[in-house]
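To start, the structure itself, in structure tokens.
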Amino acid sequence: MESSIGVLMPIPIYEGLQRELKKRFKVYNLWEAPNKSQFINTHASSIRAYIGTSGFGADADFINALPNLEIIARIIGLGRIGEAIAKRVEGFNCPIIYHSRSEKAGVKYKYYPNVVELATNCQILVVACSLTPDNHNIVNRRVIDALGPKGVVINIGRGTHVDEGELVSALVEGRLGGAGLDVYQNEPNVPPQLLELENVLLLHHVGSSTFETRISMTDLVIANLDAHFFYNKPLLTPVV
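Residue numbers (my numbering): 27 to 266.
This is the structure in structure tokens:
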């Protein structure tokens, strides 16, 4: 199925994904170019797809430099993380409530329109949303205080979802009961105060590094590209 369709990769992403892409497309490895601007200028007209990550997106200037770009695929996760967590928590007979930009149709869990109200009515707050300007520091002092001394914050989204300074202060002062984190505001640096606390569980940002997850991510990227370029079908996971 190899074709002349050009796909640009800014950094090495999963060996399995690179192998599958090379079977289908002409892959341009931006990280190998000594002069990246010149590389883009040389190959701009040939590039029709861009494969990015949560750390390597594509801003307006970058997109405008690729006149024939048709599709951007970003490796962030498999989506529906919150729903997957909820299904697992149900096994422990825990009541589940949630907040999102809007109430989801067909979801049986109770919806709260703002995070403070959500935190007031729960003991364990799990942050598992994508990062946008609207939810930067979505867990702030008001939310932390609403959780209170028996509350726990679990952040598996992005470090900047949580006001890290307020989190550290609340944990040290006993205003928050505990925290579980695998993302940090200034990764890979962890605030030294957190390392000294017994009510905090810390992990490297490796949540998507299992063999099975990487295979699923690869399959999803390839399926979207195949649908667009070869089968003229709607994307499986469009972002609009």
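By construction, the Cβ of each residue, glycine as well, lies at the ideal position given by its N, Cα and C atoms.
Neighbourhood of residue i by C-beta, 7 Å cutoff - its chain only, sequence neighbours within 5 removed
i	result
residue 285	In the structure as shown, the chain begins at 27 and stops at 266. Residue 285 is therefore absent and cannot be evaluated.
residue 209	181, 182, 183, 184, 185 and 231
residue 168	142
residue 70	91, 92 and 93
residue 150	178 and 180
Residues that DSSP places opposite residue i in a beta bridge
i	result
residue 138	According to DSSP, which records beta bridges pairwise, residue 138 is partnered with nothing at all.
residue 212	215
residue 32	52 and 73
residue 18	This structure does not reach residue 18, given that the chain is present from 27 up to 266, and the question cannot be answered.
residue 181	153 and 207
Close Cβ partners of residue i (< 6 Å) along its chain, the five nearest in sequence each way excluded
i	result
residue 221	none
residue 172	142, 145 and 146
residue 61	none
residue 259	253
residue 129	137
Cβ neighbours of residue i in the same chain (closer than 8 Å, five flanking residues each side left out)
i	result
residue 111	152 and 154
residue 223	197 and 198
residue 161	155 and 187
residue 44	35, 38 and 53
residue 248	43, 46, 47 and 50
residue 105	Residue placement at residue 105 is flagged as unreliable, the pLDDT there being 39, under the threshold of 50; a coordinate-derived value is accordingly withheld.
residue 123	135, 136, 137, 138, 144, 147 and 148
Expected contact under 8 Å - CB spacing of residue i and residue j to nearest Å
i	j	result
residue 96	residue 74	5 Å
residue 253	residue 261	6 Å
residue 32	residue 72	4 Å
residue 170	residue 193	7 Å
residue 165	residue 189	7 Å
Contact with chain E by residue i, beta-carbon distance below 8 Å
i	result
residue 141	Among the chains in the structure shown there is no chain E, since it carries only a single protein chain.
- Count the C-beta pairs between the segment 172 to 183 and the segment 129 to 139 that are closer than 8 Å, then say yes if the count reaches three, no if not. With contact defined as three or more Cβ pairs closer than 8 Å, the segment 172 to 183 and the segment 129 to 139 are not in contact.
4-residue-minimum alpha helix (DSSP H) runs that sit fully inside the segment 54 to 111, ordered along the chain: You should have 62 to 69 and 86 to 90.
Taking 8 Å as the cut-off, does the segment 40 to 57 touch the segment 87 to 94 (at least 3 CB pairs, one atom from each stretch)? Using a Cβ-Cβ distance cut-off of 8 Å, the segment 87 to 94 and the segment 40 to 57 are not in contact, since fewer than three pairs of beta carbons, one from each stretch, lie closer than that value.
### Query
Touch check for the segment 240 to 259 and the segment 210 to 218: three-plus C-beta pairs under 8 Å?
With the cut-off at 8 Å, the segment 240 to 259 and the segment 210 to 218 do not touch.
Minimum length 3: unbroken beta strand (DSSP E) runs contained in the segment 114 to 179
Along the segment 114 to 179, the beta strand (DSSP E) occurs as fully enclosed runs of 3 or more residues at 150 to 153, listed in sequence order.
Next item on the list: Quick one: which unbroken alpha helix (DSSP H) runs of 4-plus residues sit fully inside the segment 184 to 246? Chain order, please.
Entry: 190 to 199 and 218 to 221, all fully within the segment 184 to 246.
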